[in-house]
Structure formats: structure tokens, C-alpha cells
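My numbering numbers the first residue of the sequence shown as 73 and each following residue consecutively. We put the CB at the ideal spot given by N, CA and C, even for glycine. Inspection log for the structure reproduced underneath, given as C-alpha cells.
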Amino acid sequence: MKNSETYIGKIGSVTGSTLSIKLDEKIRSTLPIINGVLYRVGQIGSFIRVPFGYVDLFGVVTQTGSDAIPEKLAEQENVKGSRWIKAVLIGEKIGKKFERGVVQFPIADDHVHLVIKDDLEIIYGGFIEDKSIIVGQVSASESLSARLDIDRLINRHCAILGSTGSGKSNTVSIILEAIAERKDKAGNSIKSTRILLVDPHGEYGEILKEYSKIFKIGADSTKAESELIIPYWALPFQEFIKSFPGTISEKQEEYIREKVLHKKIEAAKKLTPAPTEEAITADSPIPFSIKQLWFDLIDIEQKTFNDTDLTDEALDESGAPETLKANKYTQASTNNTPPYSNRSAQGILGFLTLMRNRLLDQRFKFLYQLERLTPNLDGEIKGDLDSLIKNWIGTEKPITILDLSSIPSEVMGSISGTLLSIIYEFLYWGQNEDVGGRQTPILFVLEEAHNYLKSGENSIASRTVQKISKEGRKYGSGLLLVTQRPSELDDTVLSQCGSVIALRMTNSNDRGHIKSAVEDSLNELVELLPSLRTGEGLIMGECVKLPMRTKFSKARESKSTDPLVSEQWKNNLPDSSNYKKVLECWRNNKFS
Ligand SMILES: Nc1ncnc2c1ncn2[C@@H]1O[C@H](COP(=O)(O)OP(=O)(O)OP(=O)(O)O)[C@@H](O)[C@H]1O
Ligand SMILES: [Mg+2]
73 MKNSETYIGK
83 IGSVTGSTLS
93 IKLDEKIRST
103 LPIINGVLYR
113 VGQIGSFIRV
123 PFGYVDLFGV
133 VTQTGSDAIP
143 EKLAEQENVK
153 GSRWIKAVLI
163 GEKIGKKFER
173 GVVQFPIADD
183 HVHLVIKDDL
193 EIIYGGFIED
203 KSIIVGQVSA
213 SESLSARLDI
223 DRLINRHCAI
233 LGSTGSGKSN
243 TVSIILEAIA
253 ERKDKAGNSI
263 KSTRILLVDP
273 HGEYGEILKE
283 YSKIFKIGAD
293 STKAESELII
303 PYWALPFQEF
313 IKSFPGTISE
323 KQEEYIREKV
333 LHKKIEAAKK
343 LTPAPTEEAI
353 TADSPIPFSI
363 KQLWFDLIDI
373 EQKTFNDTDL
383 TDEALDESGA
393 PETLKANKYT
403 QASTNNTPPY
413 SNRSAQGILG
423 FLTLMRNRLL
433 DQRFKFLYQL
443 ERLTPNLDGE
453 IKGDLDSLIK
463 NWIGTEKPIT
473 ILDLSSIPSE
483 VMGSISGTLL
493 SIIYEFLYWG
503 QNEDVGGRQT
513 PILFVLEEAH
523 NYLKSGENSI
533 ASRTVQKISK
543 EGRKYGSGLL
553 LVTQRPSELD
563 DTVLSQCGSV
573 IALRMTNSND
583 RGHIKSAVED
593 SLNELVELLP
603 SLRTGEGLIM
613 GECVKLPMRT
623 KFSKARESKS
633 TDPLVSEQWK
643 NNLPDSSNYK
653 KVLECWRNNK
663 FS
């Protein structure tokens, strides 16, 4: 091919690695067709090529129009009429090999060329097939597949950012589907893929049905869903206490912590093998009876005595821990006569009453009423946590979906954080075993991450995700964060994401946060985001060699598909008996 076909203009000025390029007035069209392929000249995010001896330098277009005119020339009248683009140099091609970074720089008047498909194939190609996934097409050249390096995508964490309706969930589905469908070199399916998807709205079960095992509250067994349970006794103490309504002082909390620790130490003796006493804390995942704990605590608050030594109890009627019925005592007198109240009482009667209500609340069954994992009053259980964790992360299916749509919103953050924490602790302690994260890595996908990873919040979710973002790579744990509000997301977590997939983003404050997450020279590219189409995104960072404007493929239809309002409003009025049906669903915490 003749070089003249791709020629688009000359360099006007060079500042650092930024080039101002004056487009040639004689180029016939900004939409040339070369070898039957249509190209667009000077699109933000597209590439330019500068031949430089034996090497070809490549740059990405970051600005067009009057802003791209070099400052010194901007005042001149004849300059204003001409077309300029600004590009940042990002790599060079020697022979058929493309490398990131440039060591030599062009000078003014050097020729600039359009980048055609053959060049793009070299820039975006070079992936090893079974180590990469296809997620769509490169926008600049629709016949070119957009490939991501899966090792870098997962090891170095990734954030998917975009306004509501920009196509984030679709992008997640496409990425996960591509990973789940990977085959090895011989064409066999891959056995040990491990992905854990936290799904706050229950929107993935249907789309990823073939590849996933779904855990949810109120599971429908005809749909191969399993009941989601999270044993209260596996929660770190702070989260355990927070799972109850009502407030208590720090001193009262310490008091309960001591009691929980004591219960765990006693119950641990019944485990085989029993852990050593010194290793046990109130945070250890050791089963104990919460009913017995409640019974013991309330007994201390309510107990009265017939004598001043406080030995002869004024018991009227014995209660029963199993049914959460407290012992009944004769009311203490107020004028220093028997019965006397208990001096060890801590003033937590109100808290304990609310605690009892919560233990009986059917919405919290997933936490306190655990079937095989409910300890008896002595703390003995039939199953254990290992089988639960194996169900979560050790199934034949590559993806496990934790559908949290039925979890009461007040404990949502705490529960999703606890789940992550339980699994991450397991992977951490299993680092020398094949079930641990180092030998069988895992990808945590966190949808709507801004809901439970708010910046400045010291929640278990923030702490766990911060930990995974900083040290997860060493223990085989990768993150894929999805959010529409990057400005609300914890900064440390966002800055640890090696790759960013930015979809349409209209809010300038949010765009500012994306800028801080990508390398400086690409900052101006972020200004492109408001104009992206639905399902189109800019992939930047470790998982691609160069920033890649991509049109993501469309996953199959799902619940998150926008309703067709104009059509649906034409339907007849819904059946009135359905109002009753929905109320029933609501009361039972179940969808029809
Ligand atoms: N690549 C695509 N091609 C065609 N349509 C798409 C594409 N990506 C998304 N859509 C459509 O756009 C709509 C919104 O997509 P999606 O639910 O993925 O957005 P979202 O960013 O996750 O929104 P939200 O923030 O509300 O969760 C859906 O109807 C979806 O089918
Ligand atoms: Mg979504």
C-alpha cells in the first residue's frame, strides 16, 4: 500500500510526548476507505502513526478542534480555520513487534499517518489465545476482536465504571461468560475456574444460569438455587454485635465480648480437632449457642436475691434457653429490703430485648437459624463451616452467585462484607493448600460496589476489600469492582485497580475520579466518556497493551434490560388478584 493513502498531516509542535498535528487540507475525506475498510480520521481514542526511520511511533488522539491548536499559534487568524488534533505518544513498532513506551521523539513537520487495520492487529494482537478473552470489537476497526489478558485483568484488579444504563452489568456478564467458556489448548473445558459474584439486585442468575450456582435467601429448589446461610458464629465480633439493633456503650460491648469469648473457648473443646485455647478470640469462627448466650446475659440482668450475700436466688419460675424464655425472679424491692437486685447487672436489658426480637425475626433466619449449622446449647453442631465454604467456592460451576436481593438493607453492608471476609480469611489461611487462593485463585466480582464500599467508612466490607486490593494478589484473590459512582468509592481501592473499563459517564465529578485512576498522559481521553454509546467503553491499563475503545458484545436478555415503556403501557390493566399475590410475596420475602 502507498504511504500517500494513509497520510493525514504534519506535526506542528512537540511538547514532551504530546504532539499537535495539523491535518492536511488536501486529504479528501475524514472518512477514507482503504482496502475496503472505512476509517475515521481524528476520532478521540483512535491512533496515529509517525514513521521514524526503521521504527513506527504510535500515538493516541486525545483532543480535536481549537483546543488542539498549539498555544503559540492559537492567536493567528489563518491557524484558526485549519483542523488540528492532539495526540499522546504511547508506543513504537519495530518490524512486527509493538512495544509500549517511546525512546525517541519526532520533530515538527514529520509526517503523520492514519493507523490501518494491519497495524491495529499488531498493536492489539499478540495475545496468547488461551490466556485471553474476547469481549467485543475494537471500535476503530469493527472486524478486530477486543481481547483482554485474563491474568493481568484478575491479578491487578479491575474497575468497571459508568453512569446508570451505560452497560456495566452487560460488560460484567460478557467478561464472566467469556472466562467461563474458556478452553485449554486441546479444546477441553477448564475445571477450576473460581468466580464469586456478589449480586445485590439478583440480576445475574438468569443471564449466567448455565455457568453458575446461585445462593439466595428463599431459594427455589426447582431452579437449582441453594439457600444462603451465614452462620452468626463465623462473624467477627464487631459484625456479630452490629447485627442486632439497639446501641450499647463500649464498656457494655467489652463485657459481651468477654462472654462470647468464654462461650467460644468452652465450645471449642467439642470440636475435633480442638483448636488451642490461646489461639481463640471472640472473632474466631467457632460455633456457640446464641440462645444460651442470650439466656445467660439476661439472667444476670434480672436476677434478684433474698439475702445480702447475694447467694439465695429469688427464683419464681425457670425459663428455657431453647425457646428464649428467661428465668423469672421476684421483683427487687426499692427500699433496701429483700429481694435485692444483682450488683453484676450491666444495664443491657433493653439491648437484650431487641436481641431476642431479632433472633426470632424470620427475615434474619439466614443468620441465626441455620439448620445443620445451628449449635446445640453446648455449642455442638452437626456440620461445619468447611462444607459451607466448599459449597460457595468449590463447586463444579465456574461462577458462584451470592444473590443478596432479599437481605434486609440495614445489614446488607455488614453481611456482604462478612461473606467476603469469611472467604478471604479461608483463602489466606489456606495459602499452602490446593484449596487456598495461591494454588486456585479466585475472582471477587462486586456489583454496585458504592453501596457498601463508601469512602471514609470503616466497615468490614471496606476493610476486607481494601485488604484484598492491597495484598490479594499474593494470595490469589482478584477484584472486579462495578460502580456508577466512582466519586463515592473508597479512593485506595480505586487506585489499586490496574485496569479500568470506563463506560459512558456524564457526571464530571465522577470523571475526575476516573482520571485519578488512569495514567496522567491518558487523562484527556476521559473527556471522551460522556459521548460513548451504550455498551461502548474505554479499556485502559494492565489488561490491554494500549487504551482500547471497545464496543462490548451484548449478553442475552436479562432482568436489567430496560423496560419498553411505550409498548408496555399499551397492555390491558393487570389482573387485580395479582395485588394480593405480590403482598404475599412481600410478606414471605420471596418472588413469585
Ligand atoms: N453492548 C451492548 N449492546 C447493546 N445493548 C446493550 C449493551 N450493553 C448494555 N446494553 C443495554 O443497555 C441497557 C442497560 O445496560 P446495563 O443494565 O448493563 O447497564 P448498567 O450500567 O449496569 O446500569 P445500572 O447502573 O442501572 O445497573 C440494557 O437494556 C442493556 O440490554
Ligand atoms: Mg447494572
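Any non-hydrogen atom of ligand 1 closer than 7 Å to residue i Cβ
i    : result
F624 : yes
Q364 : no
Q556 : yes
S238 : yes
T606 : yes
G259 : no
G455 : no
G584 : no
G274 : no
G234 : yes
Whole-number beta carbon distance between residue j and residue i, since they are thought to touch under 8 Å
i    : j    : result
I80  : H229 : Rounded, the Cβ-Cβ distance is 37 Å, inconsistent with contact.
L421 : Y401 : Rounded, the Cβ-Cβ distance is 13 Å, inconsistent with contact.
L192 : E164 : Contact doesn't hold; Cβ gap of about 15 Å is too wide.
S361 : N448 : 7 Å
L551 : L518 : 7 Å
P411 : T380 : Contact doesn't hold; Cβ gap of about 11 Å is too wide.
T490 : I532 : 6 Å
I370 : N414 : No, I370 and N414 are not in contact; Cβ-Cβ is about 11 Å, not under 8 Å.
K617 : F170 : 7 Å
H522 : T555 : 4 Å
M612 : S571 : 7 Å
L280 : K331 : Contact flag wrong, Cβ pair sits at about 43 Å.
C615 : A589 : Actually they do not touch by this definition, with Cβ atoms about 14 Å apart.
I352 : A340 : 6 Å
H585 : S559 : 5 Å
Coarse secondary structure for residue i, derived from DSSP in three states
i    : result
F316 : coil
Y524 : coil
I461 : helix
K94  : strand
P123 : strand
Y276 : coil
K263 : coil
I453 : coil
S413 : strand
I286 : strand
I105 : strand
K255 : strand
S32  : Outside the displayed span of the chain (73 to 664) sits residue 32, for which this structure offers no information.
E529 : coil
P447 : coil
N408 : coil
Limits of the alpha helix (DSSP H) - the one that residue i falls within
i    : result
S534 : 532-543
K437 : 437-440
R428 : 421-432
T564 : 563-567
I141 : Per DSSP, I141 belongs to no alpha helix (DSSP H) and is neither H nor E.
Residue i: CB within 7 Å of a non-hydrogen atom of ligand 2
i    : result
S241 : yes
Beta strand (DSSP E) segment containing residue i, residue limits
i    : result
T134 : 127-136
S549 : 549-555
T236 : No beta strand (DSSP E) contains T236, which DSSP labels as neither H nor E.
D271 : 267-271
Y79  : 79-87
I116 : Where I116 is concerned, there is no enclosing beta strand (DSSP E), given that its DSSP letter is neither H nor E.
I352 : Taken as a continuous stretch (DSSP letters only), I352 belongs to no beta strand (DSSP E), as it is neither H nor E.
V507 : That residue, V507, is in no beta strand (DSSP E); it is neither H nor E in DSSP.
I514 : 514-518
Please go through the region 154-233 and give each complete beta strand (DSSP E) segment of 3 or more residues, from N-terminal end onward.
-> Taken in chain order, the complete beta strand (DSSP E) segments of 3 residues or longer contained in the region 154-233 are 156-166, 169-172, 183-186, 204-210, 217-221, 230-233.
Can you list the alpha helix (DSSP H) stretches of 4 or more residues lying completely in the region 572-647, in chain order?
-> Here the runs fully enclosed are 580-589, 637-640.
In chain order, which beta strand (DSSP E) runs of at least 3 residues are fully inside the region 464-503?
-> Counting only runs of 3 or more, we get 471-475.
Let me know the alpha helix (DSSP H) ranges lying completely inside the region 289-347, each 4 residues or longer, listed in chain order.
-> Counting whole runs of 4 or more residues, the region 289-347 contains the alpha helix (DSSP H) stretches 309-314, 322-340.
Can you give, in chain order, each stretch of the alpha helix (DSSP H) that sits fully within the region 358-406 and has at least 4 residues?
-> Unbroken alpha helix (DSSP H) runs of no fewer than 4 residues, entirely contained in the region 358-406, are found at 362-374, following chain order.
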